[in-house]
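Let me begin by presenting the structure, written as structure tokens, before commenting on it.
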Amino acid sequence: MSRVLSLTLQDRSEASRAEIAIRQAVIAGWTGRDPAAVEKHIRELEALGVKRPAMTPIFYRVAASRLTTEPEIEAVGESSGGEVEFVLLAHAGRLWVGAGSDHTDREVEKYGVTVSKQMCEKPIAPTFWPYEDVAGHWDRLILRSHVIERGKRVLYQEGAVTAMLQPQALIERHATGGRLADGTLMFCGTLAAHGGVRPTREFSFELDDPVQGRKIAHSYQVRTLPILG
Numbered sequence: 015m016s017r018v019l020s021l022t023l024q025d026r027s028e029a030s031r032a033e034i035a036i037r038q039a040v041i042a043g044w045t046g047r048d049p050a051a052v053e054k055h056i057r058e059l060e061a062l063g064v065k066r067p068a069m070t071p072i073f074y075r076v077a078a079s080r081l082t083t084e085p086e087i088e089a090v091g092e093s094s095g096g097e098v099e100f101v102l103l104a105h106a107g108r109l110w111v112g113a114g115s116d117h118t119d120r121e122v123e124k125y126g127v128t129v130s131k132q133m134c135e136k137p138i139a140p141t142f143w144p145y146e147d148v149a150g151h152w153d154r155l156i157l158r159s160h161v162i163e164r165g166k167r168v169l170y171q172e173g174a175v176t177a178m179l180q181p182q183a184l185i186e187r188h189a190t191g192g193r194l195a196d197g198t199l200m201f202c203g204t205l206a207a208h209g210g211v212r213p214t215r216e217f218s219f220e221l222d223d224p225v226q227g228r229k230i231a232h233s234y235q236v237r238t239l240p241i242l243g
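Per the working numbering, the sequence shown starts with residue 15, numbered consecutively.
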């Protein structure tokens, strides 16, 4: 079952709007380049009740229907939160890069990470760049997110994409032949949160290219649904 999204494909000279069918959504987890840092984070989450992953990196599948570019999502209860990631899209024989939020239910995560990934919609920014436009300066790209807390905009995450494995390294570990099938979108890992991971009701995120002076950005709000039993 595919999800059709209206996306802007923007190269260095022009932008075009396209209706793109995404047939497969993948959430890559534990993608850090530093194995010691990955292990430290695994132990931190184990202390909170989150089970150790079966392997690192690990590739969770979620329904493509969970992907959205809308400015509002719905989530059950008060325990879910966003986290910024760069995302890869295979379309028309090319690889594209964008930004998304792996919005996750933190309480369900203690029960099962795979289930928690499926629980929430996955917001993505509607603009994508050709990967070849940024491949030469990939390690200069910055991921950043903000939340609204007590009425103020607060920096939640910020760091270089160097914290995560490079795109081709992730693709080679996931896909047969080292290439994503057309219609596949992959979330590629996230950064530590300033002040710790916590529920977020208003979340904005961006992929910043300081070399070319441009950003891919998106924001969304969470409409909370009640837990009645």
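We put the beta carbon where it would ideally sit given N, CA and C, even for glycine.
Computed from a predicted model, the values in this text were never measured in an experiment.
Self-check item: 8 angstroms Cβ cutoff met for GLU97 and GLN180
Solution: no
Quiz prompt | For GLY210 and LEU59, the rounded distance between their alpha carbons | solution = 11 angstroms
Self-check item: When ARG26, ALA149, ILE162 are compared against ALA183, the one with the closest alpha-carbon
Solution: ALA149
Quiz item: Given a threshold of 16 other Cβ atoms within 10 Å of its Cβ, counted over all protein chains shown, does LEU157 qualify as buried or as exposed?
Solution: buried
Quiz item: Which residue's Cα is closest to the Cα of SER159: ALA42, ARG215, PHE142?
Solution: ARG215
Quiz item: Just checking my contact of VAL40 with GLU123 at CB under 8 angstroms: how many whole Å lie between their CB atoms?
Solution: With a Cβ gap of about 18 angstroms, VAL40 and GLU123 do not count as contacting.
Quiz prompt | VAL101 beta carbon less than 8 angstroms from that of ALA113 | solution = yes
Exercise. List in chain order: all unbroken beta strand (DSSP E) runs of 3+ residues lying wholly within the segment 83 to 170.
Key: 86 to 90, 98 to 105, 108 to 115, 141 to 144, 156 to 163
Exercise. With DSSP as the reference, please indicate the residues paired to ASP196 in a beta bridge.
Key: Looking at the DSSP assignment, ASP196 forms no beta bridge with any residue, so it has no partner.
Quiz item: Just checking, does the segment 67 to 84 make contact with the segment 40 to 49 on the three C-beta pairs under 8 angstroms criterion?
Solution: yes
Quiz prompt | Those runs of the beta strand (DSSP E) which lie wholly inside the segment 203 to 232 and span at least 3 residues | solution = 216 to 223
Self-check item: Inter-stretch contact (C-beta, 8 angstroms, three-pair minimum) for the segment 217 to 230 and the segment 197 to 207
Solution: no
Exercise. Please report how far the alpha carbon of LEU239 lies from the alpha carbon of LEU109, in whole angstroms.
Key: 36 angstroms
Quiz item: For SER30, which residues of its own chain have a beta-carbon under 6 angstroms away from its beta-carbon, when the five flanking residues on both sides are left out?
Solution: LEU23
Practice problem: Assign HIS232 to one of two classes, buried (16 or more other C-beta atoms within 10 Å of its C-beta) or exposed (fewer than that). | Solution: buried
Self-check item: GLN24 (DSSP reduced to helix, strand or coil)
Solution: strand
Practice problem: Answer yes or no: the CB of GLN180 versus the heavy atoms of the ligand MN, is any distance below 7 angstroms? | Solution: You won't find the ligand MN in this model; it holds no ligand whatsoever.
Quiz item: How should PRO85 be labelled, buried or exposed, when 16 other C-beta atoms within 10 angstroms of its C-beta is the threshold for buried?
Solution: exposed
Quiz item: Quick one, are the C-beta atoms of ASP116 and SER93 less than 8 angstroms apart?
Solution: no
Quiz item: How many angstroms separate the CA atom of THR143 from the CA atom of VAL90?
Solution: This sequence places Trp at residue 143; Thr is not what is there. Those two C-alpha atoms are separated by around 33 angstroms.
Quiz item: Hey, GLU99 and THR204 are a contact pair by Cβ (cut 8 angstroms); roughly how many whole angstroms apart?
Solution: 5 angstroms
Practice problem: Could you have a look at GLN235 and say whether DSSP puts it in helix, strand or coil? | Solution: strand
Exercise. Write down the C-beta distance between ILE36 and LEU62 rounded to the nearest angstrom, noting that I regard them as a contact closer than 8 angstroms.
Key: Wrong, their Cβ atoms sit about 32 angstroms apart, outside the cutoff.
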